[in-house]
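With my numbering as the guide, the letters of the sequence shown map in order to residues 527 to 817.
Here the structure comes first, spelled out in structure tokens, and everything after it is commentary.
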Amino acid sequence: MPTIAAVATAFHPDERLTAVVRAALKSCSRVVVVDNTPGTGPFLSDTLRDLPGVAVLRDGRNRGLAGALNAGVAEIGTEPDLVLFLDQDSVLAEDLVLGLAAHFADPRVGIAAPAPWDADQGRFYEPGAEEGPDVADRDTVITSGMLVRRAVLAEVGAFRTEFFVDHVDNDFCLRVRSAGHRILRDKRHKLAHSLGQRNRHKLPGVSVSSSRHPTWRLYWIARNGTVLIREHRKDAPVWSRNTGAYLVRWFLLRTLIEPPRGPRALAMLRGFRDGFRGRTDHRYLPPDAEI
């Protein structure tokens, strides 16, 4: 049986974080909680320090998702065979981790992940997942619920801190694939996952649903997605084409139907520009954040 440790990232967490950690402890020998909440506290994550097998890292700074993931991996060290990554609201089913771990009997597998599930709508988030095979190779999977071979983490390197939050998972997965490892998505294991606040917009003849991201996020979505398309258009052409289409759709939705339209359009246009040029505009970091 492989040894498994978990890294759970948090930002202004609520009581669900405790449930996430307790669920992970059923299959993981250690859980490292990295709390990115800025300030001096006290914070909810502090209440987890007394749980056996739990370590809490919090220095009062928001270093972004990538920075938090890297801190957690460093704290875990090289001992576990597999590392599980979790968001603060990802409460796992009891058999999920061990079910994913079984895939690592194949030495070609670098990552195994569950299928994100919209519990409110009763459907998979990924288009076509319902009709597809139970276990499928993927170019990328989301961070939460992702189980990674520890040796692969050492091989491909750290999570990309310049990305801050958006596309951190895609960048990591694309590097894993480029290194020759398989990424499996097992839809027999569902992960209830939230995409955040969603709004309905009435357009002529159609109703459109969209996620209400803050304007600063739109910059990073556009910039980081453009960087990855530029870097992986040859080794991941299908992913690159799909992501390009996704970014165009996002630009239209976020700038045509979500106010304030001007600042949101400007944020994405600057993101596209900086992605092509390899630049970063730190004005689009949220307050109290650093990379």
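Backbone N, C-alpha and C fix where the C-beta goes; we use that ideal spot for every residue, glycine too.
Beta-ladder partner(s) of residue i, from DSSP
i, result
"residue 644", "649"
"residue 761", "DSSP lists no partner for residue 761."
"residue 716", "641"
"residue 741", "None; residue 741 has no bridge partner."
"residue 532", "557 and 610"
"residue 709", "637"
"residue 815", "588"
Range covered by the alpha helix (DSSP H) that runs through residue i
i, result
"residue 582", "Here residue 582 belongs to no alpha helix (DSSP H); instead the beta strand (DSSP E) covers 580-583."
"residue 623", "622-627"
"residue 547", "542-551"
"residue 694", "694-704"
Buried versus exposed call for residue i [16 or more other C-beta atoms within 10 Å across all chains shown]
i, result
"residue 696", "buried"
"residue 713", "buried"
"residue 715", "buried"
"residue 804", "exposed"
"residue 647", "exposed"
"residue 586", "exposed"
"residue 565", "exposed"
Residue i, DSSP secondary structure in three states
i, result
"residue 611", "strand"
"residue 588", "strand"
"residue 795", "helix"
"residue 680", "helix"
"residue 769", "helix"
"residue 750", "helix"
"residue 781", "helix"
"residue 562", "coil"
Residue i: first and last residue of the uninterrupted beta strand (DSSP E) it sits in
i, result
"residue 673", "673-675"
"residue 661", "661-663"
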